[in-house]
Every structure is written in C-alpha cells, then in structure tokens.
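Worksheet: the structure to be examined is printed underneath.
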Amino acid sequence: MIAIVDCNSFYCSCERLFRPDLEQKPVVVLSNNDGCIISRSDEAKQLGVAMAGPYFKAKPIIEQNDVTVFSSNYNLYGDLSWRVMETLRVMFGTEKVEVYSVDEAFIKLDTTPPTEIENLATQIKNTVEQWTGIKVSVGIAATKVLAKVANRLAKKNKQLTNCVAVIHTETKRIEALKKTNIDSVWGIGFSYAEKLKKHRINTAYDLSLKDIVWCKKHLGGVVGVRLVQELKGIPCITMHDELTDKKMIATTRMFGEAVTDIESIKEAVATYTSRAAEKLRRQNCSAKTIGVFLVTKQQNHNASFNRGATITSHTKLEVATSLTHLLIKPAIAMAERLFQQGTVYKKAGVMLSNIVNDTSVQGNLFVDESTNKQRFLMDVIDNINFSQRDDMLKYAASGTTRNWKMQQLFHSPKYTSRWNELCLVQ
DNA sequence: TCTGGGGTCCTAGGACCC
DNA sequence: TCTGGGGTCCTAGGACCC
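Each residue of the first sequence is one higher than the one before, counting from 22 in our numbering.
Spelled out as structure tokens, the structure:
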C-alpha cells in the first residue's frame, strides 16, 4: 500500500502558525508579485475566492469579508515543509518517504498489516500535527493514483473523514472512483479532460473501464496506459529515489513594473543567474547549457487572458560550470541580443540545463582547468548570503537600484530562518 | 492597471552512425 | 540501373504536476 500525506492549505497553514488569531478566519496567500491567489483557507474557499485566480478580481470579496492577505514567504514555507517531511522520515525511515512537492509526500507502507492501515493513517495525521502544528490529510491505497483519489475524498469532507481515507477493498475502489470527476484525476489536465468528456468519460470510474490500447492511443502513449492501470489498482508508477538531482534549474520572475531599458533587463538576468547558480551548487552540480528568455507585455488587451510573446536564446558552454561569473557573462550577452529598443517587457528568466554532477564534469582539452578552484570562493559567498542576508554579497552586474524587483506588499516575517525576524512573545 | 514559479516525462522527427 | 537494417542522440513541443 501507498500513502500520500498532503498538507491542508499549506501556505495558509504556515502563516497561521505564527498568527493564531487567524484560526477559523479566512486567509489567502498570493503568488510572487502579488499576482494570483495560490492558497486559500477553508473559510476563504467558502466565501468563493477562486484558486489561481488573479488577486485584483477577488479583491471585492476579500475586502468585504475582511480576508487576511499574505504575499508568499518561501523561506517560511520551505522551513516548515522540511519539518513536516522530517517527521515522516523519523516515523518511517528515509528510504520509505518520497517528497513529491513542498506540501506532499508519498510513503511506502509495505510492512504494515492490512488491519492496521486505518489506524496508521490517523497516527500519521496526529503526529505531524502535534510535532509541527501543520494539519495534513492522508490517503492510502494500492497505487499512487488511487491514494491521490482517497486523499482528495478525505479533504473534501473533513468532518466525516477526519482527513483520513483508505481504499482497501474492491467495493471501496469503485465507490471512490465513481465519486471522482474526470478532471480531478491526478494526471488528467485540462486538455485530456475535455477530450475524455467528448468520449463520454465523465468520472474516474468510466476511465478505469477503458482498455490499454485505447489509452495508449488517446492519452499520450505510455503515460495514459500507466494512469489507467493505476486506477484499476495495478501499480505502475514507482516510488522515486529521494536523492536525484534536478535536471533543469530555473529562476524566472515577473517584474514589479514593466521594463523598457536594457540596463534593468541585464541586472535582472544577472540576479536570476546568481540565484540559479546557487541552486545548482546546492546540489553539487554544474550546467553545460544556459538559456535566457524575455517575455514582452501584451499590447492589445482584447483577450481575457493574454500572455505576451516569449523570446528565448541559449548558449552551450565549453565546460560545465557552477561559477556564477562564468554563467553571468553568456547570460548578459544573450539578454543584449534578445533585447529590442522600444519593446515593453514584463518578465525574464534564466534556465540551466544539461546538468551533471561536479564529480563527473568532463574537461575540455582547449580550456584551462584552473578555474575550478574558484568553487571555493562560491562556497564562501553562499555561506555568507545564507547565514546573514540574501544578496549581502553579489555581483556588480546584478545592480543596486532594482527598479524591476517584484512587488510584495503583504510579506510576513521569516519567523524560522532569520534571527532578527523571530516571533516575539510579550 | 493589475493573471506565478519551477519542475517532470514523453513523443516525433531529423541527423547521423556502421 | 540497382540503394538495407538497425541503431543512437538531440531538439522542439506538448502534456502534466503543485
């Protein structure tokens, strides 16, 4: 059996942890730049605040109902996420836990006797809540996809389920699948849902009756086959190794306000490159390819949801590296190539790919090897920035004015990761 | 006026190899 | 005039996730 543990309204729960006065009150958390709503407490959901909808559209409801609004505080969420995951690792052992996202983890339960499963689910929920203060829902079933189905049903009716649901019999499986709309199935997004509805497949149960050949043809080949097998109760999606390195690392941001000058673009690109290189070094890797993209601001506003054009460029390095200055140079050159005078930009990003572990970087016959020693300098910079303050040490190319910096009007303190922002008890 | 950020996997098709 | 069979690697693009 496989369990999925999923934190309830995770970002909102994190904010509430240090603001107990907001318990039972409507709370929302906004995306970077205070653009969209990315987390809602149950109370906010009940008021009809839409998920992933733009903040400005929900503003009337928010103001009328005195909803508390937060900008996203990733230092806080990252730290609390670590505590939740660590609790699970202590309970089950590191090798049984697969962290799937900031607020979700799968747990392999191959040694638990079937009669104990239900109790175990409750025990997971209670322990995480007691140790971290974060409420979670637990779904358990024979496959990952079915565990997700169970988890969704557990969350949907919290009073009845106590945030715990187990699918352990054939009857339960069928019942659960019949209650699950096709667009709520893990792995079915907007396009597939539309397609399936045209074929009169409206619930997870309908889909589970389809045969393999059909799924291969209509749901993206092997991906669709795996999904349907899992719905039938046959495990196909394996547990992943925890320690795999990222294959792509990106840092991308909307600008606080539209940008028209090359200097700001270059500063932003240099800053994002530094961030991305930091992430790269944290997993002890180097990248051989660096890409830069700029997104223009859409000028005609007739569409209800408009994205500007994206222009991209990438550079292959002679030798894979994680040294910030070696990455900034080509990044800025690309930014200069992409930039067009007179165009209005709203977003930029840097992507590192072709990532290899530092232990297996392939040398280049024609390139001096000595640059590798500068890795030590990077470690010093990372340590200072991590322990003191972000960007205490930075490259001049990153600039000092930062007019393009994103907007965050409702940021809460970094309660758990900065000494001078600790929660004070009066 | 105002709509996020960071990832994964898979497929098809072209270039190239012996 | 006649022109095989079996591969690999890379890239772009499409789908999905939270």
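Just so it is clear, CB atoms sit at the ideal spot from N, CA and C, and this is done for glycine as well.
Relative to the C-alpha of Phe360, which residue among Ser343, Thr331 and Tyr416 is closest?
Here residue 360 refers to the residue found at position 339 when the first sequence is read from its first residue. Ranking Ser343, Thr331 and Tyr416 by Cα distance to Phe360 puts Thr331 first.
So what does DSSP say about Tyr416, is it helix, strand or coil?
Looking up residue 416 in the first sequence gives position 395. Here Tyr416 sits in coil by DSSP.
Beta carbon of Lys318 nearer than 8 angstroms to that of Tyr366:
Reading the first sequence from its first residue, position 297 is the one you call residue 318. Reading the first sequence from its first residue, position 345 is the one you call residue 366. Yes, the Cβ-Cβ distance between Lys318 and Tyr366 is below 8 angstroms.
Below 7 angstroms CB to CB, which residues in the same chain sit around Asn378 once its five sequence neighbours on both sides are set aside?
To locate residue 378, count along the first sequence from 1; it is residue 357. Only Asp266, Asn305 and Cys306 meet the Cβ criterion.
Can you list, in chain order, the residues of its chain whose CB lies under 7 angstroms from that of Asp124, leaving out five sequence neighbours each side?
By one-based count along the first sequence, residue 124 stands at place 103. Only Asp27, Cys28, Phe31 and Ser102 meet the Cβ criterion.
Short Cβ contact (8 angstroms threshold) for Gly160 with Lys169:
As a working note, residue 160 is residue 139 in the first sequence. As a working note, residue 169 is residue 148 in the first sequence. Yes, Cβ-Cβ distance for Gly160 and Lys169 is below 8 angstroms.
Thinking Ala341 and Val382 are a contact (beta carbons under 8 angstroms), I'd like their distance in whole angstroms, please.
By 1-based counting over the first sequence, the position of residue 341 is 320. By 1-based counting over the first sequence, the position of residue 382 is 361. About 5 angstroms separates the two Cβ atoms, so the contact holds.
Given that a residue counts as buried once 16 or more other Cβ atoms are within 10 Å of its Cβ, and exposed if not, what is Ile376?
Residue numbering aside, residue 376 sits at position 355 when the first sequence is read from its first letter. The residue is buried, with at least 16 neighbouring Cβ atoms inside 10 Å.
Is it right to say His322 is buried, meaning 16 or more other beta carbons lie within 10 angstroms of its own, or is it exposed?
For the purposes of this step, residue 322 is taken as residue 301 along the first sequence, with counting starting at 1. Because His322 sits at a pLDDT of 46, beneath the cut-off of 50, its placement in the model cannot be relied upon, and the point is left open.
In angstroms with no decimal places, state the Cα-to-Cα distance between Arg14 and Leu398.
Outside the shown range of the chain (22 to 447) lies residue 14, about which nothing can therefore be said.
How long is the line joining the alpha carbons of Gly56 and Glu36, rounded to whole angstroms?
Against the first sequence, residue 56 aligns to sequence position 35. Against the first sequence, residue 36 aligns to sequence position 15. For Gly56 and Glu36, the distance between alpha carbons rounds to 18 angstroms.
If you run the structure through DSSP and keep just helix, strand and coil, what is Asp87?
The residue you call residue 87 lines up with position 66 of the first sequence. Of the three classes helix, strand and coil, the one that applies to Asp87 here is coil, per DSSP.
Starting from the Cα of Val313, find the closest Cα among Ser285, Val280 and Pro351 and give me that residue.
Within the first sequence, residue 313 is the residue found at index 292, counting from 1. Among Ser285, Val280 and Pro351, the Cα nearest to that of Val313 is on Pro351.
Given Gly500 as reference, the closest of Gln409, Arg302, Ser34 and Tyr416 once Cα atoms are compared:
This structure cannot speak to residue 500, because the chain is shown only from 22 to 447.
Quick one: using the 10 Å Cβ neighbour count with 16 as the cut-off for buried, is Met22 buried or exposed?
As a first step, residue 22 is located in the first sequence; it is residue number 1 there, counting from the start. Classification for Met22: buried.
For Met372, three-class secondary structure by DSSP:
By one-based count along the first sequence, residue 372 stands at place 351. Reduced to three states, the DSSP call for Met372 is strand.
Put Ala297 into one of helix, strand or coil per three-state DSSP.
To locate residue 297, count along the first sequence from 1; it is residue 276. Reduced to three states, the DSSP call for Ala297 is helix.
Give the DSSP-derived three-state secondary structure of Arg61 in the structure shown.
Here residue 61 refers to the residue found at position 40 of the first sequence. Of the three classes helix, strand and coil, the one that applies to Arg61 here is strand, per DSSP.
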